[in-house]
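So for the sequence shown, numbering that gives the first Met the number 0 puts the first residue at 0; every next one is plus one. Since the structure comes first, as structure tokens, the remarks are kept for the end.
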Amino acid sequence: MPSKHQLTDATLSRIIEMAWEDRTPFEAIEKEYGLSQDGVIKLMRSELKPSSFRLWRKRTAGRTTKHLKLRSPDINRGYCPTQYKQR
């Protein structure tokens with residue numbers, strides 16, 4: 000697991016963005032960046048304001064789309080096709 004000090008600002012920002020996305024499972028973050036769910040939680044706790052962290056935890060707790068094992072097999076992608084705009 001990479002430490003916070005080993006992550007670039009861009010990588011850190013992307014991990015936080017993926018953690019906030021409803022349809023991106025923790026397993027995708029672990030596969031791409033090597034951070035387990037516990038690692039993501041620790042990172043979010045250290046990077047977000049306390050109120051933002053509590054809001055995020057409330058939002059992700061029990062959310063079936065954040066865990067591959069709880070997801071419907073009909074969901075086969077991590078984001079909505081209209082989520083990312085052409086840049």
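Just so it is clear, CB atoms sit at the ideal spot from N, CA and C, and this is done for glycine as well.
Reference residue i, options the options, closest by Cα
i	options	result
residue 60	33, 32, 18	18
For residue j and residue i, believed in contact at Cβ under 8 Å, the rounded distance
i	j	result
residue 46	residue 11	7 Å
residue 15	residue 34	Contact doesn't hold; Cβ gap of about 11 Å is too wide.
Pair within 8 Å by beta-carbon distance, residue i and residue j
i	j	result
residue 52	residue 58	no
Nearest-angstrom Cα separation, counted from residue j out to residue i
i	j	result
residue 21	residue 65	6 Å
residue 27	residue 48	24 Å
residue 50	residue 41	15 Å
residue 25	residue 38	10 Å
Nonlocal neighbours in the same chain, by C-beta distance under 8 Å from residue i, ignoring five residues either side
i	result
residue 55	18, 19, 43, 47
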